[in-house]
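Residue numbers (the numbering used here): 138 to 609.
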């Protein structure tokens, strides 16, 4: 879509000024200078890769097809060498005094396959020779998933400015729809904005002066046109791809996935990622790849990753369903619907038993701190996210409530829930501690419909629970 738009804007065989005159670009001082002023070459690299049997053959076919087309459109030019694409393009530039814009979609498809290092270098060398320091080139724009592959200290394609899911820089608001744009669409199509935010928000990008909350554009468009919130972005991918990576045997990877499924963020080091999909040196490389694939969002300030939204979270759950190493996690998530009902019914025994079972099913979570219990609670009550906004350490007048579940706008009939977690103490202490705190204004609206829940587990791995209905 982006390549088609740029082709329409730059192409000198287009007459598209009227298409752009009411858009923001028309007010840019350079608008008249660039609109319909260039020869445009648009390449779908995936097509050339899948229609050939080697990288050398792919590059040969690409060159030959482009040269054939250019000679067809410019037959009268005297070329120095009709067999070299650089010479042909330079001849056209000198004869017409118009430069080229090269648009390449899925430039990194080669880097995502298990080709040899020599083949990948051959491909990168071709791109460099074709585009680096060429007088006929005004702009090269390449889209893909991965950053540019580097071999040794320097990048073969160091003439490019790179923008990625890790470093978006000044183009951050153009990675997807901004919150303001989604609000406008929801108003136009009479859709619930809070639901759109829950389903498709979660990608956060920074520029020098602004923070942008970015939404998955395809999913938002499909939801508006279908008048139904669902997992649309994931239908363009396959959960097999996600499953392949999260089941890899790297130390700490499973623990990180569990943490994120529980709604938490995990620290990550992105510096050692090799910018391909075949070479990994540890869990951080896997998590970095998942950021580039859109399955995780990256917080550049604290250098952590998390699952961005409901749409992607469902993809994770679908992926772990058939992975043996995650069977206990999937079981806890599946049972969370019944556990939530037990909480609403004030059934403290059932809640204690359910949380204890979840904790037993998650052996990677240690039994010696309240954070582990918090992670267990989040997974044990995973289904609560359908009805609630989950807030960790909600500020109160005197300290924090460990976990707070606030009903979403469409589910205000559900009780708000404050959960206090204790290790090796008792549930009465937990309930008393909740009551000693001043309730924040956010909970005043739930007078008569607020549950206080204290959960404790001890050295013997025994869980206890107490639930009270509170009135403010």
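For every residue, glycine included, the Cβ atom is placed at its ideal position computed from N, Cα and C.
Inclusion of residue 182 and residue 244 in the CB contact set at 7 Å is warranted, their separation being smaller than that value.
In terms of Cβ geometry, residue 587 and residue 521 do not form a close pair [threshold 7 Å]. DSSP places residue 606 inside the beta strand (DSSP E), whose first and last residues are 600-607. Assignment of residue 557 by DSSP, reduced to helix, strand and coil, places it in the strand class. In the DSSP assignment, the residues bridged to residue 148 are 175. Using a Cβ distance threshold of 7 Å, residue 310 and residue 299 do not count as a contacting pair. When DSSP states are grouped into helix, strand and coil, residue 363 belongs to the helix group. The residue among 262, 399, 235 with its C-alpha nearest the C-alpha of residue 529 is 399.
A distance below 7 Å separates the beta carbons of residue 227 and residue 273. Every beta strand (DSSP E) stretch that sits fully inside the segment 161-233 and reaches 3 residues is listed by chain position as 176-181.
Residue environment for residue 199: buried (at least 16 other C-beta atoms within 10 angstroms of its C-beta). In summary, residue 437 is exposed, with fewer than 16 beta-carbon neighbours lying within 10 Å of its beta-carbon over all protein chains present. Between residue 369 and residue 360 a beta carbon distance of about 7 Å is seen, short of the 8 Å cut, so the two are scored as contacting. Residue 365 counts as exposed, since fewer than 16 other C-beta atoms from the protein chains shown sit within 10 angstroms of its C-beta. Residue 442 is bridged by DSSP to 403, 435. The Cβ atoms of residue 448 and residue 340 lie no closer than 7 Å to each other. The criterion of a C-beta distance shorter than 7 Å is satisfied by residue 421 and residue 406. Residue 340 is bridged by DSSP to 351. Looking at the DSSP output, residue 242 sits in a beta bridge with 181.
When C-alpha distances from residue 570 are compared across 558, 581, 580, the shortest belongs to 558. CA-CA distance, residue 355 to residue 333, rounds to 12 Å. Contact annotation: the segment 380-392 touches the segment 447-462, with at least three C-beta pairs closer than 8 Å.
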